[in-house]
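Letter 53 of the sequence shown, counting from 1, is numbered 57 in our numbering, and no numbers are missing. Quick notes on the structure that follows.
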Amino acid sequence: MADDEGIRAGARAARRLAELGVCELGPGLSAAEFDRIEAAYGIVFADDHRGFLAAGLPVDRAGRPEEGESPRNPWPDWRDGDPALLRERLERPVEGLLFSVEHGWWLPGRWGARPADPAEAVAAARAALASVPKLIPVYAHRYLPSKEPCGSPVFSMQGADIIHYGRDLVDWVEREFVGWEAGAAEGPSPAAGSGPPFWSDLVF
Numbered sequence: 005m006a007d008d009e010g011i012r013a014g015a016r017a018a019r020r021l022a023e024l025g026v027c028e029l030g031p032g033l034s035a036a037e038f039d040r041i042e043a044a045y046g047i048v049f050a051d052d053h054r055g056f057l058a059a060g061l062p063v064d065r066a067g068r069p070e071e072g073e074s075p076r077n078p079w080p081d082w083r084d085g086d087p088a089l090l091r092e093r094l095e096r097p098v099e100g101l102l103f104s105v106e107h108g109w110w111l112p113g114r115w116g117a118r119p120a121d122p123a124e125a126v127a128a129a130r131a132a133l134a135s136v137p138k139l140i141p142v143y144a145h146r147y148l149p150s151k152e153p154c155g156s157p158v159f160s161m162q163g164a165d166i167i168h169y170g171r172d173l174v175d176w177v178e179r180e181f182v183g184w185e186a187g188a189a190e191g192p193s194p195a196a197g198s199g200p201p202f203w204s205d206l207v208f
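Now the structure itself:
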């Protein structure tokens, strides 16, 4: 059952986004649309993420790309987006880590000794990462954990370079679209290690 506090927090974040005017907000996702999306992609939206998207689906002001250009919408289009692009965005946190593994990054404390062959190292890391909690794109390379309650940190993901970018969606909107210090007035940033297992352990 969804947590009402989480739903309300997500809706507050959507209202603040609308106030700032950084994007258009289309009609929010319906319960049937959430069910379809979660079944299609094997995810479960956190309560605050669900409240955020139910209040209004963010749409890039730039609109559709010109013919021949790549899509540039930083907001995942859960209603009409290309399923292949949405899956690629869902896979990006793990694929980013695997790219880092290919170039020497490793977690010896979790994964043991690194295989000498880069391909074997990537294969071993891929097997280990198959069971980590899923992350869901919010905007560009910002992600929220799947299934976590309200208050989960928003992550900024660039390969193995992972930081907290907000305590929750409300804090993230301020930091992302007003300025990094704007969110600090409401409280401290999440401590490293807070949030879902594995991903939070990688935060700098």
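For glycine and all other residues, C-beta sits at the position ideal for the given N, C-alpha and C.
* Asked: Leaving out five residues before and five after A17 in sequence, what residues of the same chain have Cβ atoms less than 6 Å from its Cβ?
  -> F56, L173, V174, V177
* Put G30 into one of helix, strand or coil per three-state DSSP. => strand
* Given W79, which residues of its chain have a CB within under 7 Å of its CB, disregarding the five upstream and five downstream residues? -> C27, P62, V63, D64, Y143
* Asked: I167 and I47 look like a contact to me (Cβ under 8 Å); what is the Cβ gap, rounded to whole Å?
  -> Not quite, the Cβ-Cβ distance comes to about 22 Å (not below 8 Å), so this is no contact.
* **Counted within 10 angstroms of its Cβ, other Cβ atoms place S150 as buried (16 or more) or exposed** => buried
* To do: Drop a sphere of 10 angstroms on the beta-carbon of P200, count the other beta-carbons inside from all chains shown, and report buried for 16 or more, exposed for fewer.
  => buried
* Backbone secondary structure at G170 - three-state DSSP -> strand
* Asked: Who pairs with P62 in a beta bridge, going by DSSP?
  -> L29
* Looking only at DSSP bridge pairs, what is Y143 linked to? -> R146
* Following the continuous alpha helix (DSSP H) through S104, name the residue where it begins and the one where it ends. => 87-106
* Is the beta carbon of P123 less than 7 Å from the beta carbon of V105? -> Here residue 123 is Ala; the residue named in the question, Pro, does not match the sequence. No. Outside cutoff.
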